[in-house]
Amino acid sequence: MAPGNFPDWSRGERILYGVLTWVARFMGAVPPACSQRLGSWIGRCLWPFAASRRAIARANLDKVYGERLSPAAKRRIACRSFVRIFEDALVLLTAAQMPTRLGHRICVVRNEDFLRQATAGGKGAIIVSGHLSNFMVMVGFLGRLGYKIAVLVRPLAIRPAEQVITDLRAESGVRTFDQGRSALALVRHLSSGGITWFSLDQNARTGVLVEALGRPATAFAGPVRLARRLDLPIVPAFVRRIGPARYEFDICEPIRLPPGEPGDEEIAADLTRLMKLLDARILARPEEWLWCHRRWRTAERILAERAARP
11 MAPGNFPDWS
21 RGERILYGVL
31 TWVARFMGAV
41 PPACSQRLGS
51 WIGRCLWPFA
61 ASRRAIARAN
71 LDKVYGERLS
81 PAAKRRIACR
91 SFVRIFEDAL
101 VLLTAAQMPT
111 RLGHRICVVR
121 NEDFLRQATA
131 GGKGAIIVSG
141 HLSNFMVMVG
151 FLGRLGYKIA
161 VLVRPLAIRP
171 AEQVITDLRA
181 ESGVRTFDQG
191 RSALALVRHL
201 SSGGITWFSL
211 DQNARTGVLV
221 EALGRPATAF
231 AGPVRLARRL
241 DLPIVPAFVR
251 RIGPARYEFD
261 ICEPIRLPPG
271 EPGDEEIAAD
281 LTRLMKLLDA
291 RILARPEEWL
301 WCHRRWRTAE
311 RILAERAARP
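Set out below in structure tokens:
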């Protein structure tokens, strides 16, 4: 999309959009394995300077593992998790511009019949997952396979960067909904047979208290509330790396929740059930999860405020 379509952008934003678009197009011509190696090099170069992210990751690992892992093991997981952000990001830039026939070299889908079953008869479905491995490359691959898929995102503060990412999603057939502004459009998308991808492991500033990796955390009620209100199946699905620039997408059996307007206790119970599925995947491959974000920040604040009340 041309930046001329954004009249409120500054000249600097237009220039940045052009530069980022050029970089994305260049990466589209790079072999996926080379993209991963370049991302690994960038991540390892930046790791010594990412003091705040190192501190967040190590604090999170302490919360989850305590004394069960040595400090050295926690440092290795934190470093690998950080480096993989850059590896996966550059592979994503390459994969987002590959034809579907070549995308099969990067993406392997297991149990696709479960997704076909969930969307049979033109019904919509809700995919729930987490920030495991290169989850966004699989979203794009599903779009290229012909699924009517959308993602719900919290837009980046840097508008040109967000627009480039949105452009790449659109080229893969993926719609993008703003987390705070697209409720009606999202309902229409699901009601017309669309699929929407939700991440369970975001720190929800206004969400439901659940347990994540053995600690109180907040989660968005959206996927459960929509599934019950619209009588749609929830499809847990998780990504893992199976080789250099190769990923496996494991689709689980659809979960059917009772239709209707759920109460707070029902929402919390449903989210806890889904969170346990994600927890098991994270603990099986901790280096593939995003440890350097403040997953428990809001829950810790809420509990501290409750404890301070007379």
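Numbering (this note's numbering), first residue to last: 11 to 320.
Heads up, the beta-carbon is just placed ideally off N, CA and C, and yes, glycines get one too.
- Here D211 carries a coil assignment [DSSP, helix/strand/coil].
- DSSP, read as helix, strand or coil, puts E258 in strand.
- For V184, the enclosing beta strand (DSSP E) covers residues V184 to D188.
- In the displayed model, G253 falls within a strand according to three-state DSSP.
- Per DSSP, R225 is one residue of the beta strand (DSSP E) stretching across R225 to A229.
- Close CB contacts of G217 within its chain, under the 6 angstroms cut and outside five residues either way in sequence, are with T228, A229 and F230 (chain order).
- Here the segment 108–122 lies against the segment 247–267, with 3 or more beta-carbon pairs under 8 angstroms apart.
- Straight-line measurement puts the Cα of E271 at about 40 angstroms from the Cα of L103.
- With respect to the C-alpha of R311, the residue from A222, L300 and P226 having the closest C-alpha is P226.
- Just so you know, the alpha carbons of E276 and P296 end up roughly 29 angstroms apart.
- Secondary structure of V40 (DSSP, three-state): coil.
- Where A222 is concerned, the enclosing beta strand (DSSP E) starts and stops at V218 to A222.
- Under the three-pair Cβ rule at 8 angstroms, the segment 172–181 does not count as touching the segment 288–302.
- By the beta-carbon neighbour count (other beta carbons within 10 angstroms, threshold 16), E97 is buried.
- Ranked by Cα distance from L152, the first of Q189, V184 and T308 is V184.
- Ranking V220, R154 and P170 by CA distance to the CA of R305 puts V220 first.
- If you check the CB distance, R251 and W19 do not come in under 8 angstroms.
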